[in-house]
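Protein chains: 2
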Amino acid sequence: MEVKDITNRDQDFAKWYTDVCKKADLVDYSSVKGSMIIRPLGYAIWEEMVHVLDQKFKETGHENVQMPMFIPESLLNVEKEHVEGFAPEVAWVTYGGKEKLEERMCVRPTSEVLFCEHYKKIIHSYRDLPLLYNQWCTIVRWEKTTRPFLRSREILWQEGHTMHATKEEAQAETLQMLNIYKNFQEEYLAMPVITGKKSEKEKFAGAEETYTIEAMMYDGYALQNGTSHYFGQHFAKAFGIEFVNKDNKLETPYQTSWGCTTRMIGGLIMTHSDNNGLVLPPKIAPWKVIIIPIGEVDEPLKYLEQQLKENHITYKVDNSNKTPGFKFAEAEVKGYPIRIELGARDLKENKVTLVRRDTLEKITVAVAKVLPKVKELLEVIQQDMFNRAKERRDQMIYEVKDYEELKKTAATKPGFIKINWCGSEECENKIKDDTTMKTRCLIENEAVDGACVVCGRPAFTKVYIGKQY
Amino acid sequence: MEVKDITNRDQDFAKWYTDVCKKADLVDYSSVKGSMIIRPLGYAIWEEMVHVLDQKFKETGHENVQMPMFIPESLLNVEKEHVEGFAPEVAWVTYGGKEKLEERMCVRPTSEVLFCEHYKKIIHSYRDLPLLYNQWCTIVRWEKTTRPFLRSREILWQEGHTMHATKEEAQAETLQMLNIYKNFQEEYLAMPVITGKKSEKEKFAGAEETYTIEAMMYDGYALQNGTSHYFGQHFAKAFGIEFVNKDNKLETPYQTSWGCTTRMIGGLIMTHSDNNGLVLPPKIAPWKVIIIPIGEVDEPLKYLEQQLKENHITYKVDNSNKTPGFKFAEAEVKGYPIRIELGARDLKENKVTLVRRDTLEKITVAVAKVLPKVKELLEVIQQDMFNRAKERRDQMIYEVKDYEELKKTAATKPGFIKINWCGSEECENKIKDDTTMKTRCLIENEAVDGACVVCGRPAFTKVYIGKQY
Chain Z
6 MEVKDITNRD QDFAKWYTDV CKKADLVDYS SVKGSMIIRP LGYAIWEEMV
56 HVLDQKFKET GHENVQMPMF IPESLLNVEK EHVEGFAPEV AWVTYGGKEK
106 LEERMCVRPT SEVLFCEHYK KIIHSYRDLP LLYNQWCTIV RWEKTTRPFL
156 RSREILWQEG HTMHATKEEA QAETLQMLNI YKNFQEEYLA MPVITGKKSE
206 KEKFAGAEET YTIEAMMYDG YALQNGTSHY FGQHFAKAFG IEFVNKDNKL
256 ETPYQTSWGC TTRMIGGLIM THSDNNGLVL PPKIAPWKVI IIPIGEVDEP
306 LKYLEQQLKE NHITYKVDNS NKTPGFKFAE AEVKGYPIRI ELGARDLKEN
356 KVTLVRRDTL EKITVAVAKV LPKVKELLEV IQQDMFNRAK ERRDQMIYEV
406 KDYEELKKTA ATKPGFIKIN WCGSEECENK IKDDTTMKTR CLIENEAVDG
456 ACVVCGRPAF TKVYIGKQY
Chain A
6 MEVKDITNRD QDFAKWYTDV CKKADLVDYS SVKGSMIIRP LGYAIWEEMV
56 HVLDQKFKET GHENVQMPMF IPESLLNVEK EHVEGFAPEV AWVTYGGKEK
106 LEERMCVRPT SEVLFCEHYK KIIHSYRDLP LLYNQWCTIV RWEKTTRPFL
156 RSREILWQEG HTMHATKEEA QAETLQMLNI YKNFQEEYLA MPVITGKKSE
206 KEKFAGAEET YTIEAMMYDG YALQNGTSHY FGQHFAKAFG IEFVNKDNKL
256 ETPYQTSWGC TTRMIGGLIM THSDNNGLVL PPKIAPWKVI IIPIGEVDEP
306 LKYLEQQLKE NHITYKVDNS NKTPGFKFAE AEVKGYPIRI ELGARDLKEN
356 KVTLVRRDTL EKITVAVAKV LPKVKELLEV IQQDMFNRAK ERRDQMIYEV
406 KDYEELKKTA ATKPGFIKIN WCGSEECENK IKDDTTMKTR CLIENEAVDG
456 ACVVCGRPAF TKVYIGKQY
């Protein structure tokens with residue numbers, strides 16, 4: 006294997022992305038069209054994400070459950086908008102063994118209807134509320150064109166589904182989960198994100214309001230990296246879910262759902278990685294350090310390993326019989342935040358070389374300073390990666406004064422454009438037809454002045470638009 | 006809800022089992038026939054199991070991956086015995102959205118063929134071996150009759166798949182994983198288990214040797230609670246997997262697979278639970294303690310919670326406005342190992358009442374002694390539960406001198422029977438026809454003396470037989 010055989014990121018971003026996914030051993034393909042194999046490193050990154058998010062969900066009172074993976078067609082049909090949104094892209098099971106099923110079932114594309122059917126059985130009184138459930142599972146959407154992590158027929162994800170006695174409580178939950186996603190992505194994935202409400206056109210099939218997490222990739226494209234929906238009483242009414250309130254009257258509860266997926270791994274790659282391969286933020290890297298022993302270094306290696314273990318810093322040692330140069334390249338491809346070159350010759354001079362993956366900077370320290378330097382670097386790298394990503398993103402957000410400038414900017418400058426918008430789907434469609442850009446999310450905390458940049462009518466809001474994955 | 010409305014275990018074991026699953030809120034049903042909903046307590050138990058096993062797998066060098074959930078029919082067909090074993094019980098996906106698939110795909114009933122296809126791509130040299138993979142996922146087998154946790158169309162499980170350069174190494178792996186299962190079930194689930202090789206007739210479709218974990222339930226029925234297979238080069242040859250050995254020659258690697266499922270939750274229930282509901286061994290209970298405050302006890306409650314937290318003892322507090330009697334019953338149904346009745350009146354006399362779930366024994370201790378007593382009890386309960394289960398099981402294993410006694414024992418005494426067996430499938434079938442008992446596993450470390458208890462020919466081995474779930 007030629008480790009560094011990765012397409013240049015600035016020449017062909019799409020090919021570069023696939024190269025990184027393959028060369029870093031994150032994924033592989035199989036004869037199952039549209040699905041991917043997530044290999045050990047890719048899955049270990051997902052496990053880190055699951056671990057942190059699951060803890061945050063539990064801290065905020067959520068419980069995990071597991072629903073069936075199949076949905077009978079009649080159950081999917083209960084909520085009209087929902088079925089229209091999902092029916093075209095589901096996989097249908099029609100046979101069990103040799104027997105044709107009386108009713109075909111799809112593999113869940115999302116589980117709202119399954120949760121609602123269950124809620125109907127277990128919600129009776131205000132004492133049963135709120136009901137705060139989450140599920141980690143695989144869903145299926147029959148996509149035509151797929152790309153590793155970004156768009157796949159099978160998706161690993163979590164889906165939260167909650168029921169509340171009041172509208173206010175449900176809306177607060179929707180925003181709470183949006184913030185958990187935002188904080189997780191900024192703090193752990195070092196990905197700056199924009200959050201806000203989706204337009205009517207772009208919201209989830211069946212939702213009253215959809216909030217989104219929008220990250221900007223290195224090439225200026227948007228990645229929707231999580232959503233949090235407020236359903237109101239929409240599904241609850243369709244399913245006849247009611248509870249007896251404190252005044253002994255029947256009421257319909259208010260609902261939310263929220264989810265994020267392995268797509269975040271794609272976002273991670275397209276935000277931070279480079280021409281040498283994967284770059285992982287320390288806080289989400291399964292192994293923070295790779296040690297490459299050069300020459301006879303058994304004793305110092307043992308000592309270093311012990312120090313790392315005692316400080317709960319995960320690491321790997323490359324003991325293979327490849328050349329140091331090859332090992333360095335491979336350590337870079339796989340994105341270990343810090344590489345420690347533990348060389349016999351260096352050690353004689355009381356030196357150890359550390360290499361930052363994010364900047365490839367070489368740092369030579371005295372043996373006694375290795376551990377404190379590693380600790381310091383893990384924090385510095387995490388912060389620097391976020392800062393660099395944020396700076397780049399902020400430089401790629403443009404404001405335009407009229408529609409001509411909008412079209413020109415869309416055609417020449419990768420990134421997001423911030424515009425005044427009247428709120429009409431007509432203008433949204435026009436932008437899409439002319440530029441392939443869609444609205445990303447409404448900007449809620451900025452005063453709106455002036456006219457819609459498309460039609461000239463009074464603007465109702467500011468909104469980000471951008472091309473998307 | 007009437008908490009204690011559970012069928013008597015000695016009157017109708019099957020109904021008792023379903024009652025415990027339902028009343029302890031472990032599962033619920035839905036309109037998805039044959040699948041179950043795993044509710045928060047049931048799923049939390051599974052999470053504990055996953056957590057411990059996953060750590061043991063990783064400590065022994067295994068890496069997690071995620072394969073596709075679908076298998077194209079042609080891929081399933083590659084290994085003949087395997088497809089014959091599984092094709093009758095798979096769910097077939099035939100449509101993606103509105104389009105009929107060119108080739109139908111089943112939802113994985115197990116993933117040998119997917120792993121093999123991947124191995125073929127990634128194994129080239131002896132340096133790539135051993136390859137030690139594991140996958141946590143859901144599988145589907147189209148069962149006709151289902152029971153919560155024991156037999157379900159959808160099963161949560163893990164499946165380990167490994168490839169080795171030598172036969173010896175692969176066989177050692179098979180036994181290593183069998184032992185990990187055994188130790189886990191005995192140490193954490195407090196379930197004594199018998200391990201051994203399956204007969205030719207009972208082994209896995211495609212395996213050379215299948216080792217099994219056999220537990221005996223309260224009613225004397227066997228539960229196969231995990232299996233570890235040695236495949237030899239069977240699949241590897243069918244898939245054309247080869248590697249270059251140290252002498253630069255092409256060789257075929259040796260393979261294993263091993264799995265255990267949510268069925269272990271069923272085993273846990275049928276081993277330990279009683280007429281008051283669930284009984285959980287402390288080491289697998291998601292919450293070790295339930296605190297029931299009675300009267301004004303805010304300060305001592307806060308103090309107790311702090312003590313438990315500091316000692317990493319998970320707990321719940323029942324702060325609902327139900328009566329203490331109702332709360333006690335509910336705490337019993339849900340199987341918390343220790344119930345702490347924190348009563349204002351008791352506290353005035355410097356007393357706190359602890360109740361063991363396994364024996365329902367009440368223990369009154371001074372306030373200062375609560376924490377040490379809890380710690381002590383958690384260990385004592387775990388050990389006592391194992392000892393009781395083992396004693397019961399050992400008393401329900403019978404030896405018989407002839408076939409008449411075998412038939413009489415099988416008809417009158419629940420449990421396992423240990424017999425001399427010639428090893429022929431003919432005798433195995435006769436036993437099954439006459440008693441519904443199947444061979445559980447071969448007994449390898451006992452000398453065989455005498456004749457096959459069925460046909461009178463020389464015995465080749467001792468074997469356990471029993472009725473099974």
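Chain order of the listed sequences is Z and A.
For the first sequence, my numbering assigns the number 6 to the initial residue and increments by one for each residue that follows.
For the second sequence, my numbering assigns the number 6 to the initial residue and increments by one for each residue that follows.
In this text, a Cβ means the ideal position worked out from N, Cα and C, and glycines have one as well.
Quantities reported herein were computed from a predicted structural model and do not represent experimental measurements.
Is the shortest distance between the beta-carbon of residue i and the beta-carbons of chain A less than 9 angstroms?
| i | result |
| --- | --- |
| Ile343 (chain Z) | no |
| Tyr131 (chain Z) | no |
| Asp33 (chain Z) | yes |
| Ala96 (chain Z) | yes |
| Ser325 (chain Z) | yes |
| Arg268 (chain Z) | no |
Can you find a CB in chain Z that lies within less than 9 angstroms of the CB of residue i?
| i | result |
| --- | --- |
| Leu2 (chain A) | The first residue shown for chain A is 6 and the last is 474, placing residue 2 (chain A) beyond what the model contains. |
| Ala243 (chain A) | no |
| Asp24 (chain A) | no |
| Thr4 (chain A) | Residue 4 (chain A) cannot be examined here, being either before or after the span of chain A that is shown, 6 to 474. |
| Pro329 (chain A) | no |
| Val37 (chain A) | yes |
| Val112 (chain A) | yes |
| Thr215 (chain A) | no |
| Ala170 (chain A) | no |
| Thr99 (chain A) | yes |
| Arg109 (chain A) | yes |
Between residue i and residue j, which are expected to be in contact by the criterion C-beta below 8 angstroms, what is the C-beta distance as a whole number of angstroms?
| i | j | result |
| --- | --- | --- |
| Ile50 (chain Z) | Pro287 (chain Z) | That belief does not hold up - the Cβ atoms of Ile50 (chain Z) and Pro287 (chain Z) are roughly 12 angstroms apart, past 8 angstroms. |
| Thr179 (chain Z) | Tyr235 (chain Z) | 4 angstroms |
| Gly264 (chain Z) | Gly165 (chain Z) | 7 angstroms |
| Ile470 (chain Z) | Ile402 (chain Z) | Their Cβ separation, rounded to whole angstroms, is 11 angstroms, which puts Ile470 (chain Z) and Ile402 (chain Z) out of contact at 8 angstroms. |
| Tyr259 (chain Z) | Thr171 (chain Z) | 6 angstroms |
| Leu161 (chain A) | Thr266 (chain A) | 7 angstroms |
| Gln71 (chain A) | Cys142 (chain A) | 7 angstroms |
| Ser29 (chain A) | Gly282 (chain A) | Sequence inspection shows Ala at residue 29 (chain A); the Ser mentioned does not correspond to that position. With a Cβ gap of about 5 angstroms, Ala29 (chain A) and Gly282 (chain A) count as contacting. |
Comparing the C-beta of residue i with each C-beta of chain C, is any distance below 9 angstroms?
| i | result |
| --- | --- |
| Ala334 (chain Z) | Given the protein chain composition of this structure (Z and A), no chain C is represented. |
Please list the partners that residue i has in chain Z, where partner means a Cβ-to-Cβ separation under 7 angstroms.
| i | result |
| --- | --- |
| Gly102 (chain A) | Pro93, Glu94, Val95, Trp147 |
| Arg44 (chain A) | Val70 |
| Val372 (chain A) | Per Cβ cutoff of 7 angstroms: no residues; Val372 (chain A) is ~30 angstroms from chain Z at best. |
| Leu119 (chain A) | Ser35 |
Interface residues of chain A around residue i at Cβ under 8 angstroms?
| i | result |
| --- | --- |
| Glu52 (chain Z) | Asn69 |
| His123 (chain Z) | Asp33, Ser35, Ile42 |
Residues of chain A with CB under 7 angstroms from residue i, in chain order?
| i | result |
| --- | --- |
| Met74 (chain Z) | Thr143, Glu159 |
| Tyr48 (chain Z) | Asn69, Val70, Gln71 |
| Lys126 (chain Z) | Asp33 |
Under 9 angstroms between beta-carbons, which chain Z residues line up against residue i? List them in chain order, please.
| i | result |
| --- | --- |
| Leu313 (chain A) | Here the premise fails: no neighbours, minimum Cβ distance about 17 angstroms. |
Quick one: any contact between the region 343-354 of chain Z and the region 34-44 of chain Z, if contact means 3 or more CB pairs under 8 angstroms? no
For the region 74-93 of chain Z and the region 123-133 of chain A, state whether three or more C-beta atom pairs, one from each stretch, are separated by less than 8 angstroms. no
Would you check if there are 3 or more beta carbon pairs closer than 8 angstroms linking the region 223-234 of chain Z to the region 102-112 of chain Z? no
Give the residues from the region 136-157 of chain A that approach chain Z closer than 8 angstroms (Cβ to any Cβ), ordered along the chain. Tyr138, Cys142, Thr143, Val145, Trp147
With three or more C-beta pairs closer than 8 angstroms as the rule, is the region 196-215 of chain Z touching the region 435-445 of chain Z? yes
Inspect the CB distances between the region 125-140 of chain Z and the region 53-63 of chain A and report whether three or more fall short of 8 angstroms. no
Quick one: which residues of the region 75-86 of chain Z get their C-beta closer than 9 angstroms to a C-beta of chain A? List them in chain order. Phe75, Ile76, Pro77, Ser79, Leu80
At a cut of 8 angstroms, does the region 95-105 of chain A reach the region 89-106 of chain Z through at least three beta carbon pairs? yes
The region 420-439 of chain A in contact with the region 448-456 of chain A per 3-pair CB rule at 8 angstroms: yes
Using 8 angstroms as the cut-off, can you tell me whether the region 375-389 of chain Z makes contact with the region 311-327 of chain Z, which would need three or more C-beta pairs spanning the two stretches below that distance? yes
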